[in-house]
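Below is one structure; the comments refer to it alone.
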Amino acid sequence: MGATAGDLIARDLVCGWLKSNGSVFDVAVAPPFTDGVDWRHVDPAAYDEVIFVCGPFGNGQPITDFCERFAGVRLVGLNLSMLQPLDEWNPFNALFERDSSRTTRPDVTFLGAAPKVPVAGVVLVHPQNEYPDAMHETANAAIARLAASREMAIVPIDTRLDVNSTGLRTPAEVESLIARMDVVLTTRLHGMVLAIKNGVPPVVIDPFAGGRKVLAQAKAIGWHMAFAADELDDGKLADALEYCLTAEARAAAACIRDRAAAALRETRDAFLAASGLNGKREA
Numbered sequence: 111m112g113a114t115a116g117d118l119i120a121r122d123l124v125c126g127w128l129k130s131n132g133s134v135f136d137v138a139v140a141p142p143f144t145d146g147v148d149w150r151h152v153d154p155a156a157y158d159e160v161i162f163v164c165g166p167f168g169n170g171q172p173i174t175d176f177c178e179r180f181a182g183v184r185l186v187g188l189n190l191s192m193l194q195p196l197d198e199w200n201p202f203n204a205l206f207e208r209d210s211s212r213t214t215r216p217d218v219t220f221l222g223a224a225p226k227v228p229v230a231g232v233v234l235v236h237p238q239n240e241y242p243d244a245m246h247e248t249a250n251a252a253i254a255r256l257a258a259s260r261e262m263a264i265v266p267i268d269t270r271l272d273v274n275s276t277g278l279r280t281p282a283e284v285e286s287l288i289a290r291m292d293v294v295l296t297t298r299l300h301g302m303v304l305a306i307k308n309g310v311p312p313v314v315i316d317p318f319a320g321g322r323k324v325l326a327q328a329k330a331i332g333w334h335m336a337f338a339a340d341e342l343d344d345g346k347l348a349d350a351l352e353y354c355l356t357a358e359a360r361a362a363a364a365c366i367r368d369r370a371a372a373a374l375r376e377t378r379d380a381f382l383a384a385s386g387l388n389g390k391r392e393a
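Its first residue numbered 111, the sequence shown is counted upward by one per residue in the numbering used here.
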């Protein structure tokens, strides 16, 4: 009937409880999951107890088939939202519901472990007609492999604002999202710049053979986790990703940001001096 993150957290929590109690158990799964048994095919007589964990529970298919198959086996419900009043229907020998006609409890996932994985922003350049020799497919495929190489929460971020594929509307929205990432994987110049500006280390791929403006900018500011599209190596990209997830990389990004800002203040002053406007209105 579908599986949410909360369902799986609750399942793993209960499995931990049972293991600590010395219980031997099977976990019933449905496609696409394969790390357990199919309740439709196991022998009900092999079990002393069946525990149904997490989610809505109502008197209809496939629940009725489930209850009929395990009739005579002690049935326990945990963290369920009972869809019918208990005085009308309650197939459980023991019920520790999340909510029902008789009570409401906190969801058990409050007790679950809270492992955190890196949050990675993926900022890809769109194909540009002015660059027919760009290696976008090669660069994007490398980013996709890198994103899949370890457990991470992937956040697509589109920096283009005339049309935006991720629902962002302003530069502040784009930059605020980038600033909240642990790492950025990007083929865009401003994907790299806005990441470093906010102290977020990026893994950068210039989508051109030999590199062009993206790699030139990386060299100018001194960011070394940047690669040309014709010189990609998955092992080196993985090493770059691991580095970018360190405190050392965040410190390096902040240092580069501060150094670049200092240099640009000189550029600003030189620009104003060279403009010859002397405070006059500029066209």
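Using N, Cα and C, we set each Cβ at its ideal position, and we do this for glycine too.
Bear in mind that the values here come from a model prediction, so they are computed numbers and not experimental data.
If you drop the 5 nearest sequence neighbours on each side, which residues of the same chain put their C-beta closer than 8 Å to that of residue i?
i: Ala-398; result: Here the chain comprises residues numbered 111 to 393, so residue 398 is not present and cannot be evaluated.
i: Asp-344; result: Ala-252, Arg-255, Leu-256 and Ser-259
i: Phe-143; result: Ala-113
i: Asp-217; result: Gly-116, Ala-120, Asn-189 and Arg-208
i: Arg-279; result: Leu-271
In the DSSP assignment, what are the bridge partners of residue i?
i: Leu-243; result: The sequence given here has Asp at residue 243, not Leu. BP columns for Asp-243 are empty, so no partner.
i: Glu-159; result: Arg-184
i: Phe-167; result: Met-192
i: Asp-209; result: Ser-191 and Thr-214
i: Gly-231; result: Val-265 and Val-294
i: Val-147; result: Ala-138
i: Ala-204; result: Val-186
Identify which residue in the options has its Cα closest to the Cα of residue i.
i: Arg-367; options: Gly-386, Leu-304 and His-334; result: Leu-304
i: Arg-212; options: Leu-196, Phe-202, Ala-371 and Leu-374; result: Leu-196
i: Val-314; options: Ala-384, Leu-299 and Ser-191; result: Leu-299
i: Met-262; options: Ala-230, Ala-282 and Ala-330; result: Ala-230
i: Asp-153; options: Arg-179, Cys-164 and Gln-171; result: Arg-179
i: Phe-89; options: Leu-271, Ala-155, Leu-193 and Arg-150; result: Residue 89 falls outside the range modelled here, since the chain spans only 111 to 393, and no answer is possible.
i: Met-291; options: Gly-345, Lys-323 and Arg-360; result: Arg-360
i: Thr-114; options: Ala-181, Asn-203, Glu-358 and Thr-219; result: Thr-219
i: Ala-364; options: Trp-333, Arg-270 and Ile-306; result: Ile-306
i: Leu-234; options: Ala-223, Ala-362, Ala-372 and Glu-247; result: Glu-247
i: Ile-264; options: Pro-228, Thr-214, Leu-128 and Asn-131; result: Pro-228
i: Gly-112; options: Gly-386, Pro-172 and Val-134; result: Pro-172
i: Pro-225; options: Arg-378, Ala-373 and Leu-123; result: Leu-123
i: Phe-162; options: Ala-138, Thr-280, Ala-380 and Arg-279; result: Ala-138
i: Ala-223; options: Ala-357, Arg-375 and Cys-125; result: Cys-125
i: Tyr-157; options: Arg-378, Ser-133 and Lys-129; result: Ser-133
i: Pro-201; options: Thr-174, Ser-385 and Thr-377; result: Thr-174
Round the Cβ separation of residue i and residue j to the nearest angstrom and send it over; I've been treating them as touching at under 8 Å.
i: Phe-206; j: Leu-188; result: 5 Å
i: Val-310; j: Val-294; result: 6 Å
i: Val-183; j: Glu-159; result: 7 Å
i: Ser-336; j: Ala-328; result: According to the sequence as given, residue 336 is Ala; it is not Ser. Indeed, because the Cβ distance is near 4 Å, the residues count as touching under 8 Å.
i: Leu-185; j: Asn-169; result: With 8 Å as the limit, Leu-185 and Asn-169 do not qualify as a contact, their Cβ atoms being about 14 Å apart.
i: Met-302; j: Pro-312; result: 5 Å
i: Asn-308; j: Ala-289; result: 4 Å
With a CB to CB cut of under 6 Å and the five nearest residues on each side skipped, what residues in its chain are close to residue i?
i: Leu-347; result: Leu-256
i: Asp-136; result: Val-147
i: Pro-266; result: Val-232 and Thr-276
i: Cys-164; result: Asp-117, Ala-120 and Asn-189
i: Leu-342; result: Ala-252
i: Ser-191; result: Pro-166, Arg-208 and Asp-209
i: Glu-285; result: Leu-304
i: Lys-323; result: Leu-299
i: Ala-370; result: Ile-331
Could you name the residues of the same chain whose beta carbon sits closer than 7 Å to that of residue i, not counting the 5 residues immediately before and after it, in chain order?
i: His-236; result: Arg-270
i: Ala-249; result: Thr-297, Ile-315, Pro-317 and Ala-339
i: Gln-194; result: Gly-168 and Asn-169
i: Ala-350; result: Val-313 and Met-335
i: Asp-145; result: Val-139
i: Leu-325; result: Asp-316, Ala-336 and Ala-338
Can you check the region 280 to 356 for any beta strand (DSSP E) of at least 3 residues that lies completely inside it and give the ranges in chain order?
293 to 296, 312 to 316 and 336 to 338
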